[in-house]
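>
So this is what it looks like as structure tokens:
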């Protein structure tokens, strides 16, 4: 495939949807309208992500006995465990992007499994580049708390895992780091940086400017914290240091190709992966129990639907039964009327021939009299 792909990476609730829309407006194909996830109250401007990619990433994570909300890194041999999914990635890409010289995709889950996507696309000959979206972990944690009911600590853990997994998989990949908060206030300067990555020469296009301006809604940002706020909330020092590193990367003018070798990234990834072995079995058991709970809820939901359907059928049958009973009563009333007037009916049946005979005789007399005259 002779094409260029822009992957938008970043943690959930970090502004990846806005950046995906900006990349789309600058000329990258995301998919047809029916391919994309519908807007929702938590993201009224749209997610700008393909449903099929989201579903595929969820299958990969489930196969690896994890999920998007698990604050634990993947096992060190996860690539070999997920090798068979390369073919699924390649089939999806061939089916939807083969004729697109520039395309993009965004699903935050890709941040965890990007290395698999990178290898699959490189085998197809696709030129892969990354826009890595960064947001203060306190704002992310608060947003997750409001949407999903997570504690701030769990939010910090998921944020830390996503960003470490994403950063460590970017070896040799041209990457541009974009601050969500800065994009909201200085989007004109940020699209110039995006243009350097995408190599399109459209940064000054007025039509594109108007489209991106319409997509930027600072009022939809409900949290805007600083590093001081992060420290005051008692965030783990590892989270603070990683966010500080990411904030510095967002200040770079050009494209970064060596972030996976950054000392902070390498040190924390090695330590995090090593320590994760202590609780991996517990995490897998927790996920297994959560999966059972999800299935039970699904069964309960189906039972409710069946009960609702049976109630509707009963109501319908009751109505039809009432109609039948009313019809039977009407017929019975008719029979009762017939039984109450048998003599009248018989007399009527005898009288009618007699009256007909008299009329005929009267008519004959009139005819004879007329003949005599």
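Numbering (my numbering), first residue to last: 27 to 399.
Positions of the beta carbon are idealized from the N, C-alpha and C atoms, including for glycine.
Note that the structure is a prediction, hence the values are computed from the model and not measured.
1. Going by DSSP, what residues sit across from residue 203 in a beta bridge?
2. Could you check where the beta strand (DSSP E) with residue 91 kicks off and where it finishes?
3. Rounded to whole angstroms, what's the CA-CA distance from residue 148 to residue 258? Just pull it up for me.
4. Which residues bound the alpha helix (DSSP H) around residue 305?
5. Using a Cβ distance threshold of 8 Å, determine whether the segment 199 to 212 contacts the segment 300 to 310, with at least three qualifying pairs required.
6. Where does residue 74 fall in DSSP's three states?
7. Using the rule of at least 16 other Cβ atoms within 10 Å of the residue's Cβ for burial, across every protein chain shown, is residue 399 buried or exposed?
8. Give me the residue from 31, 253 and 169 with the minimum Cα distance to residue 116.
9. Roughly how many angstroms separate the alpha carbons of residue 50 and residue 209, rounded to a whole number?
10. Assess contact between the segment 74 to 81 and the segment 262 to 282, defined as three or more Cβ pairs (one per stretch) separated by less than 8 Å. Is contact present?
11. Could you tell me which of 113, 187, 354 and 76 sits nearest to residue 265, measuring between CA atoms?
12. Out of curiosity, what's the CA-to-CA distance linking residue 125 and residue 224?
13. Does the segment 41 to 48 touch the segment 234 to 245, meaning 3 or more C-beta pairs lie closer than 8 Å?
14. Residue 70 and residue 246: beta carbons closer than 9 Å?
15. Does DSSP put residue 63 in a helix, a strand or coil?
16. Among residues of its own chain, excluding the 5 on either side of residue 276, which ones have a beta-carbon nearer than 8 Å to its beta-carbon?
17. Sorted by chain position, which residues of the same chain lie with C-beta nearer than 6 Å to residue 392's C-beta, five sequence neighbours on each side aside?
18. According to DSSP, is residue 25 part of a helix, a strand, or is it coil?
19. Compare the C-alpha of residue 191 against each of 359, 292 and 242 and name the closest.
20. CB residue 37 to CB residue 185, shorter than 9 Å?
21. Please name the residue, chosen from 156, 158, 57 and 181, that lies closest to residue 418 on a Cα-to-Cα basis.
22. Using only CA atoms, which one of 43, 142 and 334 lies nearest to residue 86?
23. In terms of alpha-carbon separation, which member of 56, 114 and 93 lies closest to residue 75?
24. What ranges does the alpha helix (DSSP H) occupy inside the segment 175 to 244, keeping only unbroken runs of at least 4 residues that lie completely in it?
25. Under the three-state reduction of DSSP, which class applies to residue 130: helix, strand or coil?
26. Let's test the definition: count the other Cβ atoms within 10 Å of the Cβ of residue 339 and tell me whether it reaches 16, buried, or not, exposed.
27. Where does the unbroken beta strand (DSSP E) through residue 144 begin, and where does it stop?
28. Which of the three DSSP states, helix, strand or coil, is assigned to residue 358?
29. Between the alpha carbons of residue 195 and residue 332, how many angstroms are there, rounded?
30. Going along the chain, which residues of its own chain have a beta-carbon closer than 7 Å to the beta-carbon of residue 166, five neighbours each way excluded?
31. Distance, Cα to Cα, residue 88 vs residue 110?
32. So, for residue 270: in the same chain, excluding its five sequence neighbours on each side, which residues have a beta-carbon less than 8 Å away from its beta-carbon?
33. For a test of the three-state rule: what should DSSP assign to residue 30, helix, strand or coil?
34. Quick one: grab the DSSP three-state call for residue 100.
35. Measure the C-alpha to C-alpha separation of residue 106 and residue 90 and round it to an integer number of angstroms.
36. Closest to residue 93 by C-alpha separation, out of 137, 128 and 103, would be which residue?
In brief:
1. Looking at the DSSP assignment, residue 203 forms a beta bridge with 158.
2. That residue, residue 91, is in no beta strand (DSSP E); it is neither H nor E in DSSP.
3. 44 Å
4. Looking at the DSSP string, residue 305 is not in any alpha helix (DSSP H), and its letter there is neither H nor E.
5. no
6. Coil, per DSSP.
7. Its pLDDT being 42, under 50, residue 399 is placed unreliably by the model, and nothing is read from it.
8. 31
9. 15 Å
10. Too few Cβ pairs lie closer than 8 Å, so no.
11. 187
12. Each residue's alpha carbon lies about 18 Å from the other.
13. yes
14. yes
15. coil
16. 160, 203, 204, 205 and 208
17. Any reading at residue 392 must be qualified, since the residue scores a pLDDT of 48, below 50, and its modelled position is unreliable; the value itself is stated next. Cβ neighbours of residue 392 beyond the five flanking positions: none.
18. Residue 25 is absent from the structure shown; the chain starts at 27 and stops at 399.
19. 292
20. Yes, Cβ-Cβ distance for residue 37 and residue 185 is below 9 Å.
21. Residue coverage of the chain in this structure runs from 27 to 399, which leaves residue 418 outside it and unanswerable.
22. Among 43, 142 and 334, the Cα nearest to that of residue 86 belongs to 142.
23. When each option's Cα is compared against that of residue 75, the closest is 56.
24. 178 to 194, 206 to 211, 213 to 224 and 232 to 241
25. strand
26. exposed
27. Unbroken run through residue 144 is the alpha helix (DSSP H), 136 to 150; no beta strand (DSSP E).
28. helix
29. 47 Å
30. 37, 39, 40, 181 and 185
31. 14 Å
32. 253
33. Reduced to three states, the DSSP call for residue 30 is strand.
34. coil
35. 10 Å
36. Cα-wise, what sits closest to residue 93 is 137.
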